[in-house]
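Okay, so the sequence shown: first residue is 525 according to my numbering, each after it adds one. For reference, the structure discussed in these notes is given below.
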Amino acid sequence: MKLKSSVLMIALCTFNNLAFAEAASADVDYIYQVKKGDNLGKLSREVLDSPARWNEVSRYNKLRNSNLITPGQTLRMQLAWLKNVPAEARVESLTGAVTLNGQAVKVGDAVPTGATLETPAGGSVRLSLPDGSTMNVLESSNVAAKQLDKKEQGNFFRAVFRIVTGRIEVFKKKYPLGQAPLHIQSKNATIGVRGTHFRMGQEGDNTLAEIEDGLVGFEAEKISQHIELAGGQGSVADGKHPLKVITLLPQPKFPNLGADFPPSSVSFIMPALNGATGFSGEVASDEEFRNLVAPVKAQGNLINIAGLSVGHYWLRLRAIDENGLQGMEGKTAISVKVPELQVVTLPENVVLNVPKFEQGEQIMITWQGKASSQYELQISVSDDFKLPLITQASPFGTQLSVPTPMPGHYFMRVRQIEGKRIGEWSNSVDLEVK
Numbered sequence: 525m526k527l528k529s530s531v532l533m534i535a536l537c538t539f540n541n542l543a544f545a546e547a548a549s550a551d552v553d554y555i556y557q558v559k560k561g562d563n564l565g566k567l568s569r570e571v572l573d574s575p576a577r578w579n580e581v582s583r584y585n586k587l588r589n590s591n592l593i594t595p596g597q598t599l600r601m602q603l604a605w606l607k608n609v610p611a612e613a614r615v616e617s618l619t620g621a622v623t624l625n626g627q628a629v630k631v632g633d634a635v636p637t638g639a640t641l642e643t644p645a646g647g648s649v650r651l652s653l654p655d656g657s658t659m660n661v662l663e664s665s666n667v668a669a670k671q672l673d674k675k676e677q678g679n680f681f682r683a684v685f686r687i688v689t690g691r692i693e694v695f696k697k698k699y700p701l702g703q704a705p706l707h708i709q710s711k712n713a714t715i716g717v718r719g720t721h722f723r724m725g726q727e728g729d730n731t732l733a734e735i736e737d738g739l740v741g742f743e744a745e746k747i748s749q750h751i752e753l754a755g756g757q758g759s760v761a762d763g764k765h766p767l768k769v770i771t772l773l774p775q776p777k778f779p780n781l782g783a784d785f786p787p788s789s790v791s792f793i794m795p796a797l798n799g800a801t802g803f804s805g806e807v808a809s810d811e812e813f814r815n816l817v818a819p820v821k822a823q824g825n826l827i828n829i830a831g832l833s834v835g836h837y838w839l840r841l842r843a844i845d846e847n848g849l850q851g852m853e854g855k856t857a858i859s860v861k862v863p864e865l866q867v868v869t870l871p872e873n874v875v876l877n878v879p880k881f882e883q884g885e886q887i888m889i890t891w892q893g894k895a896s897s898q899y900e901l902q903i904s905v906s907d908d909f910k911l912p913l914i915t916q917a918s919p920f921g922t923q924l925s926v927p928t929p930m931p932g933h934y935f936m937r938v939r940q941i942e943g944k945r946i947g948e949w950s951n952s953v954d955l956e957v958k
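Here it is as structure tokens:
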């Protein structure tokens, strides 16, 4: 019962002007030891958030003489009384054209209070939070840092983020109650946590929460309802209907993926999972998924990942249920390798033409080459093509219709394929989608 009330207390804090919970247990009070040269004025200016706090400190410690402190004396202070200073998150890794307040982001950049991060389709960014927790902002997301600060004294932090659209994944480092609260706001609900692994998303009008482990408070402000979610549970807040605790789908089971995949495509069929409408996940270069390489999204059981360079990767997938909730994640290693003797330069040079827009949501791509050959087309957000958004093969001929990407600047290239022979990549052509 004690743990439940603690989670409830965190979730019900006032989020617009969040204060460290004054009701936190005495175990996380800040203990200040009076030093030689200290006086009431200095202590009030450097340690407390206002000189008027001293009266509360005096009463809290039951001082006989509130005007006298001596070296070596210990004073307990509630977190809410301590002076706040700004804190920052940091960019640990990223893929794609991620922006911070509209400007390009690089590893090591600070993310202060008031900053907004945006990730493109196929992109992501990993943040280190001030308390040592980590947050992955996944593809096509807009996330704002509403409040990041810490106490001038001691190891006390707070962080408030808001998801405008998209998804995040958080690994929250656990601290004693009140020492490092984290709140994630979205359109219809707020999550309050101390230590857990969870995901949260804003997809259309639905705010989704998915808990891998730990315990969180999920608060739907519009309908004034609070529920608690444990590992393996999730919920959807639409701002209209009561919240329900929903059991997440279990970890998916992977087929045997022992063989190497070719660079053109990693394709396989997942075993059927009762209640699953599709799968979502990520590819990373490391087993801990600290360096995400590409997102994965599939309707049905066919997994198709294009554009991976030669190398060893880790793939994690989550089954999606009828509510749009992603279930418990499972992971497996995959290997991408060029089959021996397959790559042979073809003599023909392929020249890519300027793209033509069709009516609707398709682009017609054409090129100059041998009409009886097959071709492979790539569209990428960067001219190094390390993370292609589209990798698609043409049956035969020198044209291909592909889905129009989201507005932005892209690069295209094409190469010829004849049996086991693969040609050199063509010239790169810019693609501007408005």
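Glycine is no exception: its CB is placed at the ideal position from the N, C-alpha and C atoms.
Candidates the options: closest to residue i by CA position
| i | options | result |
| --- | --- | --- |
| E693 | K670, T658, F681 | T658 |
| S789 | Q916, F813, N712 | Q916 |
| S952 | L901, P575, K630, E734 | L901 |
| H707 | L587, L672, G932 | L672 |
| L924 | I751, P705, T890, Q940 | T890 |
| K821 | D737, L662, P779 | L662 |
| S918 | L564, V905, T928, V938 | V938 |
| I555 | P575, W605, L592 | W605 |
| I747 | A733, D737, P766, E736 | P766 |
| L641 | N625, P929, D954 | N625 |
| P929 | F909, T922, V905 | V905 |
| I827 | S568, K586, S804 | S804 |
| V622 | N585, S665, H750 | S665 |
| V834 | P636, S809, R577 | S809 |
| V615 | K586, R577, P654 | P654 |
| G565 | F685, Y584, I593 | I593 |
Contacting residues, own chain, Cβ-Cβ under 8 angstroms from residue i (five flanking each side not counted)
| i | result |
| --- | --- |
| A818 | T619, G646, E806, V807, I829, G831, L832, L911 |
| D907 | F935, S952 |
| S617 | V631, V649, R650, R814, N815, L816 |
| N579 | S590 |
| A550 | Low per-residue confidence applies at A550: pLDDT is 44, beneath 50, and the placement is therefore not dependable, though the value from the model is reported in the following sentence. Taken in chain order, the residues that qualify are R600. |
| P779 | F792, I793, M794, P795 |
Whole-number beta carbon distance between residue j and residue i, since they are thought to touch under 8 angstroms
| i | j | result |
| --- | --- | --- |
| L849 | M936 | Actually they do not touch by this definition, with Cβ atoms about 36 angstroms apart. |
| Q677 | V552 | That pair is no contact at about 13 angstroms. |
| A669 | G638 | 7 angstroms |
| N608 | D573 | 6 angstroms |
| V926 | Q886 | 7 angstroms |
| P787 | V862 | 6 angstroms |
| Q597 | V558 | 4 angstroms |
| L772 | P879 | So it is not a contact: roughly 42 angstroms between Cβ atoms. |
Status (buried if at least 16 other CB within 10 Å, exposed otherwise) for residue i
| i | result |
| --- | --- |
| K674 | buried |
| A613 | buried |
| I793 | exposed |
| P931 | exposed |
| N660 | buried |
| Q757 | buried |
| E812 | exposed |
| V667 | buried |
| A857 | exposed |
| F920 | exposed |
| A634 | exposed |
| E853 | buried |
| K958 | exposed |
| S791 | exposed |
| R723 | buried |
| K711 | buried |
| G1042 | Coverage of the chain is limited to positions 525 through 958, which leaves residue 1042 absent and any answer about it impossible. |
| R588 | exposed |
| D737 | exposed |
| P575 | exposed |
| R577 | buried |
Cβ neighbours of residue i in the same chain (closer than 6 angstroms, five flanking residues each side left out)
| i | result |
| --- | --- |
| Q703 | V552, F680 |
| F785 | V860 |
| A754 | L739 |
| K696 | S657, L706, V717, G719, T720 |
| E942 | S897 |
| K777 | P795 |
| K560 | P595 |
| S582 | S590 |
| T731 | S710, K711, N712, A713, A761 |
| P636 | E612 |
Same chain, Cβ closer than 7 angstroms to residue i, five either side skipped, listed in chain order
| i | result |
| --- | --- |
| W949 | R937, R939 |
| G802 | A822, Q823, G824, I844 |
| K768 | S759 |
| L781 | F792, T856, I858 |
| Q627 | none |
- prompt: Counting Cβ pairs, one atom from each stretch, are 3 or more of them under 8 angstroms apart for the stretch 761–769 and the stretch 830–843?
  reply: no
message: Pairs of beta-carbons, one from the stretch 792–807 and one from the stretch 600–608, closer than 8 angstroms: are there three or more?
response: no
query: So, do the stretch 728–743 and the stretch 703–717 have three or more beta carbon pairs nearer to each other than 8 angstroms?
result: Verdict: yes, contact present.
- prompt: How do the stretch 718–731 and the stretch 678–698 stand: do at least 3 beta-carbon pairs fall below 8 angstroms, yes or no?
  reply: With the cut-off at 8 angstroms, the stretch 718–731 and the stretch 678–698 touch.
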